[in-house]
Structure formats: C-alpha cells, structure tokens
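> Pasting a structure below so you can have a look.
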Amino acid sequence: MNFIEEIIEKDIENRKNDAKVHTRFPPEPNGYLHIGHAKSICLNFGLAKKYNGLCNLRFDDTNPVKEDVEYVDSIKEDIQWLGFQWAEEHYASDYFEQLYIWAEDLIQRGLAYVDDQTQEEISAGRGVPTKPGTESPYRNRTVEENLDLFRRMRAGEFADGTKVLRAKTGMSSPNMHMRDPIMYRILHTAHHRTGDQWCIYPMYDYAHGQSDSIEGITHSICTLEFEVHRPLYDWFCEALQIHHPQQIEFARLNLNYTIMSKRKLMQLVQEKHVMGWDDPRMPTICGLRRRGYTPQSIRNFAETVGIAKRDNIIDVSLLEFCAREDLNKVATRTMAVLDPVKLIIDNYPDHQTEELNAVNNPENPEAGTRIVPFTKELWIERADFREEADKKFFRLTIGKEVRLKYAYIICCTHVDKDENGNITAIHATYDPATKSGSAESNRKVKATIHWLSVHHAKEAEIRLFDRLFDSSAPDDNEDGTSFIDHLNPNSLIVQHGWIEENLTLENAEPHYQFERIGYFCVDKEATPQKIVFNKTVSLKQ
RNA sequence: UGCCUUGUUGUGUAAUGGUAGCACAGCAGAUUCUGGUUCUGUUUGUCUGGGUUCGAAUCCUAGCAAGGCAACCA
C-alpha cells in the first residue's frame, strides 16, 4: 500500500467526503502523453477503481497559446487504449464564467486587485526567496476601481500584458507563489474551445483547484513540483469558501536512457530526429503502442514502479521486463530469419516438401498449431553458424549437430565461400529418423535453431529499434551538451529478412514472437506488398 | 545562502518501535525441440554523528546530500 492509499483509507475511515473517492487526470492539451503520464493515469484511475470511486478526465486548457484539439484527441485515445474510461469529461475552459464570477467576488471582498505594472516590474517587486517583496503601487485601489478595470479587461479594452488581476496574499511569504500571485492575464488569443469569447485567461493557480472543487474532486493528485502551489490551492478554496479537495503530491516517473519533457519530445518531432510523436523509439504512449507494447504491460509497469515522494530514475530494463512478461503470454510464435544465410541439406530429396506442425504459442495451447513447409534449401540466421566455435557457442559448426526446430537433427559438413572468404552457403546432412514427434526424435542436441524454406519464405522489412539516446541521462547538461548531442545514431536499423509464407497483413496477429529473436508487431506503414515489422523488445539474452 | 520535500542493496519499492522483505538487474544451477519461459539458489542496503529505549530504518537532535520554488506556463 502506498502513502496515497493510506491517506485515502484514513479518509474513508473518518467518513471524510462521505467516504467517497473522486479523482481526476488533468492534462494540458499541449502535447502527447508519455509513459510518465501513464503512471499518473494508472494512479488516478486505479485509485478510483480500487475505492469504488470515480475518475474524471479534465483538460487544463487555460493557456490558448500552447493548446490544440489535436492534443485533446490524442490524449483521449491514449487513455482509452490504456484501458481506462473516465466518469466525466471536463475542460477548465468550461468554468471560465464561474471563475470570472468568483474573481469579481474576491475583488469585492478586497482580496484581489488590478495591477498595471509591467511584467518586469512585477517580477522585481516579487523579490527573492530570501527577502520579502515590495507592494505594487496599484495594490490599494478601491474596490470600485478594481471592478471597473477588471470588467474592462474582460471587455477587451486593454492590450496584452498591460494589466493583470492579482490576489492579495501579501508580499512577504517565503513561498514565492504566495506573493500576490497573478490570477488573470490579458491574452487576445483564440482558444481551441471558447474561440474569441475571452481575452483574459485564468492562471493555473486560479483555475486548477477551483475546477477540482466544482467537480467534487476529493483527492487532487499531482506531481512534486506543485508542492509549493498547495498553500495557494488551499488559500483560494478557503477565500472562495468552496469545497476543498486535498492536494497530494507524488514523485513523477523518470526513465534512464530517455527524456520525458513534453517540450523536448516536441523538439525531437519538429526537428525530425524521429518519425513523429508515435515513433516507436519515443516514450510517448502512442510510440509505445506502435512499438508493440501492450496496455497490460504498461499498467503492470506503473504498478511495479510504485508511488512515493522521493525522486527516482527507473531502469528501462524494468519496462522491457514488463513487455516480455505480458508478450510471452499473448504473442503468436512464428519463425523469421533477419540476417539470412543459405543452408543446404545435401542428402534431402531435391523437390520434396514436407508439411511440419509448429506450435503457435507454447504458453497457450488454445492457440493451436500451424503448418510450415520444409525443403532442401533453407534460410537460417547467419549468427547461428560459426566456423570457429568456442566452448560457449553450441549452435552450428562444422562436424556438430543441431536440431532444426519442428524438423530434423542435422550435422554440418562444409561451407561454400566467395572470393572474399564470405560464407555463401552452409552444407549439412539430416538424419531422417530424428523428425520431430517421431519415436527416435528424443536424441539430445546442444541447440535448436529456427529456419525457413527458401522457396516458400516471404520477404519483409524489419525495423530494429535500440534506445534513442546513448547516454543514461541524456538530459543531464552539466557537461554543456544537450540531449540532441546524445541521440543514438544506431537507434533504428532496417533489415530485409524472411518470414513464414502464411503470415500476411490481412491475417496478422497483434503481437508476434519471432522465435529465438524477440517480440515484433506489424507497423502501420505495412502494405500487402511490403509487410513491415517493428521490434518491440528482444528476448532476454 | 530563505522556504518546502526527500534520503533503505546497482535501480525501484515495503517494513508505521520488535527477524530489513519484494520486484527488476546481476551471478550460479535445474528443466527445456526458443541461449525464451518455468523452477531453485545467491551477492549487494537503512546518508553521517549523537540521544531516547530492553529494542530504532522507524522517535528526538545536529549535520550532510539530493530535488523543488523567484513564468502574465501547467
């Protein structure tokens, strides 16, 4: 049980909020969701589910300059794909009128004032954390004057940046957020939902808590950097005398070998370092989806990393473990040869084709079996043969035996080479008595390798992804480098390999395990003419 | 150098005054027609110093370290 669950269970025990739990996930629609958001989504929706409560989706859309419907749509898609459904869909912008009414109320009660200072003057007046700030010369305007000015701000009489509405919290708090914080700024910018209805927009601090309050949120969960905002959150709820949700902060997710800043992810997309927000190397939810991660694996990951208040950097190997753990259960097995070399079974009849049975998923007998054709000429993985094998190598080498999966035990005899010494073909003989499933098939061999019939295999493009950055902390700029400097030049390698003939775009399963290689899924760019696979994650080595 | 928060194996996370546990990673072995899976075993830890207590990761105290905060961003 994490510390938030402890708080909630105590609240339920004390019948706080009538023992109800109502959370919310409050993204700003200014970018795509990433794995860090997934942690927050799983937390908020998970808590609601665990305690028979509700979880809303609320877009924190108070800054029209950065926000767009494109992001609203992608956020909704990603949350649903992760397997969650919100109780209510809201937008902070739906509350603009209520927020405005409350602002006038605060003015009338002498708790807010219009300030004509420039941005620089306000910043200077705020002072520094170690010393109190100074009061604005406009701080003591009359209620009437403030009301008149604020109404004219709304009416559009003033230019951007010429006036703001500030709360009167005092100028000497050691918490900088409590030094007469700005509530409204003038922004003659169209909003993606309210159009040009407004030219003043509330700040986060004057919108978030109130939105929570309006929706009857009981536990307002956010990340650590909002800790210093909590006194303000509380101040507004108390000043307005409205339902007061409890803000609780937890540590955001950090993953090594990647970055999590929306701004920087946006830069990768805009500067075309990646194919887009859904590039399989991106830590975005849509990127992970395209990469072949299952929603279950991401939920498991979010559960496994836990919830606490200390800063953390999770090892990507945990994410990969979660992917393998789930994929092992659900992925359809198939044989694929990524880096082919020809294997010729010299003593196998020239024009014979045998139909062999292959298991679709050993973890799930219900997945059944399929037929794979076996012939004299096969593709095998170049790495499965070595001329000079050490003690640790127990696959194919001259004079040694291996089993061809679902087929026969073969013994390597010799190899053909071109003038440069590169192996062009490997020759072997097979033992007909060792056919899989036959009475004498139980002879032990050191290894089993996968293969494909040259005459039947189909070509496919296979995209092998590695981590996007070659530094475990690409965002650490202490040496003067930027995350762009740490991009891994080998993060995408495109190979043209061979797949089983029965695997087509039309009948493709959502997830495959290429036996002995890794987990793969069909990419959205695949066509019936050219099927394209993405590597999700390799098998454990 | 003001205020807030946080320090538990390599990485995360439990233990709420009573045997420092779990997961990942690592290592070793068993099984295996995937060097996968599964199973077994195993290395490594309470930031430091004092104090309270029969007993401290936990309480007190003094340090130290890390992170956050001085946007008309969220």
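Okay, so the first sequence: first residue is 754 according to our numbering, each after it adds one. Backbone N, C-alpha and C define an ideal beta-carbon position, used for all residues, glycine too.
(1) Whose C-alpha, out of Y954, F812 and W839, is nearest the C-alpha of V825?
(2) Should A1136 go down as buried or exposed, given a rule of 16 or more other Cβ atoms within 10 Å for buried?
(3) Is V1094 buried or exposed, if buried means 16 or more other CB atoms sit within 10 Å of its CB?
(4) If you pair each beta-carbon of the segment 996-1011 with each one of the segment 834-850, do three or more pairs fall below 8 Å?
(5) If contact is defined by three or more beta carbon pairs under 8 Å, each pair taking one atom from either stretch, is the segment 871-884 in contact with the segment 925-939?
(6) Between which residues of its own chain and L1149 is the CB-CB distance below 6 Å, once the five residues before and five after are set aside?
(7) Please name the residue in H930, A1192, Q872 and E898 whose C-alpha comes closest to that of P885.
(8) Specify the secondary structure class of C795 as computed by DSSP and reduced to three states.
(9) Between which two residues does the alpha helix (DSSP H) containing Q1049 stretch?
(10) Look at the alpha carbon of L977 and the alpha carbon of I1060, and state the distance between them as a whole number of angstroms.
(11) In the DSSP assignment, find the beta strand (DSSP E) that holds V1198 and state where it starts and stops.
(12) Are there 16 or more other CB atoms within 10 angstroms of the CB of F756, so buried, or fewer, so exposed?
(13) I need the boundaries of the alpha helix (DSSP H) containing A1076, first residue and last residue.
(14) Grouping DSSP H, G and I as helix and E and B as strand, with all else coil, what is C990?
(15) From A747 to S1244, what does the alpha carbon distance come to, in whole angstroms?
(16) In this structure, how does DSSP classify E1154 when only helix, strand and coil are distinguished?
(17) Can you list, in chain order, the residues of its chain whose CB lies under 7 Å from that of D1223, leaving out five sequence neighbours each side?
(18) Exposed or buried, what is F1147 when buried is set at 16 or more other beta-carbons lying within 10 Å of its beta-carbon?
(19) Go to G806, then tell me how far its beta strand (DSSP E) extends in each direction, as first and last residue.
(20) Would you identify the three-state DSSP class for S926, choosing helix, strand or coil?
(21) Give every residue of the same chain whose Cβ lies closer than 6 Å to the Cβ of Q1049, excluding the five residues on either side of it in the sequence, and list them in chain order.
(22) Which residue or residues does DSSP assign as beta-bridge partners of H1295?
(23) Terminal residues of the continuous alpha helix (DSSP H) containing Y844?
(24) Could you check whether E968 and E842 sit closer than 8 Å to each other, using their CB atoms as the reference points?
(25) For I1001, which residues of its own chain have a beta-carbon under 8 Å away from its beta-carbon, when the five flanking residues on both sides are left out?
(26) Which whole-angstrom value is the C-beta distance of G784 and M1019, which I expect to be below 8 Å?
(27) What's the gap between the Cα of V1083 and the Cα of A1186?
(28) At which residue ranges does the segment 982-1039 contain complete beta strand (DSSP E) runs of 3 or more residues, listed in the order of the chain?
(29) Is it right to say K916 is buried, meaning 16 or more other beta carbons lie within 10 angstroms of its own, or is it exposed?
(30) Rounded C-beta distance between L807 and A992? I'm assuming under 8 Å.
(31) Check whether the Cβ atoms of P1126 and H1209 sit closer than 8 Å, and answer yes or no.
(32) Using alpha carbons as the reference points, say which of I935, Y1101, G1040 and P955 lies closest to Y1183.
(33) Under the rule that 16 or more other beta-carbon atoms within 10 Å means buried, what is A1192, buried or exposed?
(34) Is it buried or exposed, E1134, if we count other Cβ atoms within 10 angstroms and call 16 or more buried?
(35) What did DSSP end up calling V825 once you bin it into helix, strand or coil?
(36) Which residue comes first and which comes last in the alpha helix (DSSP H) that contains I760?
In terms of the structure at hand:
(1) What you label residue 825 is simply residue 72 of the first sequence in a count that begins at 1. From the listed residues Y954, F812 and W839, the smallest Cα separation to V825 is found for F812.
(2) The residue labelled residue 1136 in the question sits at position 383 within the first sequence. Its Cβ having fewer than 16 others within 10 Å, A1136 is exposed.
(3) Counting from one through the first sequence, the residue named residue 1094 turns up at place 341. Looking at its Cβ environment, which holds 16 or more other Cβ atoms inside 10 Å, V1094 is buried.
(4) With the cut-off at 8 Å, the segment 996-1011 and the segment 834-850 do not touch.
(5) The segment 925-939, when compared against the segment 871-884, does touch it at the 8 Å Cβ threshold.
(6) Stepping through the first sequence from its first residue, residue 1149 is reached at position 396. Same-chain partners within the cutoff: D1137, F1138, V1155 and C1165.
(7) For the purposes of this step, residue 885 is taken as residue 132 along the first sequence, with counting starting at 1. The residue with the shortest Cα to Cα distance from P885 is H930.
(8) Against the first sequence, residue 795 aligns to sequence position 42. For C795, the three-state secondary structure derived from DSSP is helix.
(9) The sequence position of residue 1049 within the first sequence is 296, counting from 1. That run of the alpha helix (DSSP H) goes P1048 to V1058.
(10) Residue mapping note: residue 977 aligns to position 224 of the first sequence, counting from 1. Residue mapping note: residue 1060 aligns to position 307 of the first sequence, counting from 1. Here the C-alpha atom of L977 lies approximately 12 Å from the C-alpha atom of I1060.
(11) Locating residue 1198 in the first sequence gives position 445, counting from the first residue. No beta strand (DSSP E) holds V1198; DSSP gives it neither H nor E.
(12) Looking up residue 756 in the first sequence gives position 3. Of the other Cβ atoms in all chains shown, fewer than 16 fall within 10 Å of the Cβ of F756; this residue is therefore exposed.
(13) For the purposes of this step, residue 1076 is taken as the residue at position 323 of the first sequence. Taken as a continuous stretch (DSSP letters only), the alpha helix (DSSP H) holding A1076 covers V1069 to V1083.
(14) Sequence index remark: in the first sequence, residue 990 carries index 237 (1-based). In the three-state scheme derived from DSSP, where H, G and I count as helix and E and B as strand, C990 is classed as helix.
(15) The question about residue 747 has no answer here: the residues shown for the chain are numbered 754 through 1294.
(16) Position 401 of the first sequence, counted from the first residue, corresponds to residue 1154. Of the three classes helix, strand and coil, the one that applies to E1154 here is strand, per DSSP.
(17) As a working mapping, residue 1223 is identified with position 470 in the first sequence. For D1223, where only same-chain residues beyond five positions count, the Cβ hits under 7 Å are H1239 and N1241.
(18) Within the first sequence, numbered from 1, the residue matching residue 1147 stands at position 394. F1147 is exposed by the Cβ-count criterion.
(19) The residue given as residue 806 occupies position 53 in the first sequence. Looking at the DSSP string, G806 is not in any beta strand (DSSP E), and its letter there is neither H nor E.
(20) Here residue 926 is taken as the residue at index 173 of the first sequence, counted from 1. Coil.
(21) Taking the first residue of the first sequence as 1, we reach residue 1049 at position 296. Sequence-distant Cβ neighbours of Q1049 in its own chain, meaning closer than 6 Å and more than five residues away, are D1079.
(22) Nothing about residue 1295 can be read from this structure; the chain reaches only from 754 to 1294.
(23) Working through the first sequence from its first residue, we reach residue 844 at position 91. Y844 -> not in any alpha helix (DSSP H); beta strand (DSSP E) instead, spanning E842 to Y844.
(24) Residue numbering aside, residue 842 sits at position 89 when the first sequence is read from its first letter. Residue numbering aside, residue 968 sits at position 215 when the first sequence is read from its first letter. With a cutoff of 8 Å on beta-carbon distance, E842 and E968 are scored as not near each other.
(25) Walking along the first sequence from the start, residue 1001 turns up at place 248. Taking I1001 as the centre and dropping the five residues before and after it, the same chain places the C-beta of I757, I760, H972, S973, I974 and C975 closer than 8 Å to its C-beta, in chain order.
(26) Counting from 1 along the first sequence, the entry for residue 784 is found at position 31. Counting from 1 along the first sequence, the entry for residue 1019 is found at position 266. Right, the Cβ-Cβ distance comes to about 6 Å (below 8 Å), so this counts as a contact.
(27) As a position in the first sequence, residue 1083 is number 330, starting the count at 1. As a position in the first sequence, residue 1186 is number 433, starting the count at 1. Answer to the nearest angstrom: the Cα atoms are 34 Å apart.
(28) Considered as a whole, the segment 982-1039 harbours 999-1003 as its complete beta strand (DSSP E) runs of no fewer than 3 residues, in chain order.
(29) Counted from its first residue, the first sequence places residue 916 at position 163. The residue in question, K916, is buried, as its Cβ has 16 or more Cβ neighbours within 10 Å.
(30) Within the first sequence, numbered from 1, the residue matching residue 807 stands at position 54. Within the first sequence, numbered from 1, the residue matching residue 992 stands at position 239. Not really, about 27 Å apart at Cβ, beyond 8 Å.
(31) For this step, residue 1126 is matched to residue 373 along the first sequence. For this step, residue 1209 is matched to residue 456 along the first sequence. Contact check for P1126 against H1209 passes: the beta carbons are separated by less than 8 Å.
(32) For the purposes of this step, residue 1183 is taken as the residue at position 430 of the first sequence. Relative to the Cα of Y1183, the nearest Cα in the group I935, Y1101, G1040 and P955 belongs to Y1101.
(33) Position 439 of the first sequence holds residue 1192. With fewer than 16 other Cβ atoms inside 10 Å of its own Cβ, A1192 counts as exposed.
(34) Within the first sequence, residue 1134 is the residue found at index 381, counting from 1. Classification for E1134: buried.
(35) As a working mapping, residue 825 is identified with position 72 in the first sequence. Residue state, collapsed to three classes: helix.
(36) Translated into the one-based positions of the first sequence, residue 760 becomes position 7. Segment F756 to E766, the alpha helix (DSSP H) holding I760.
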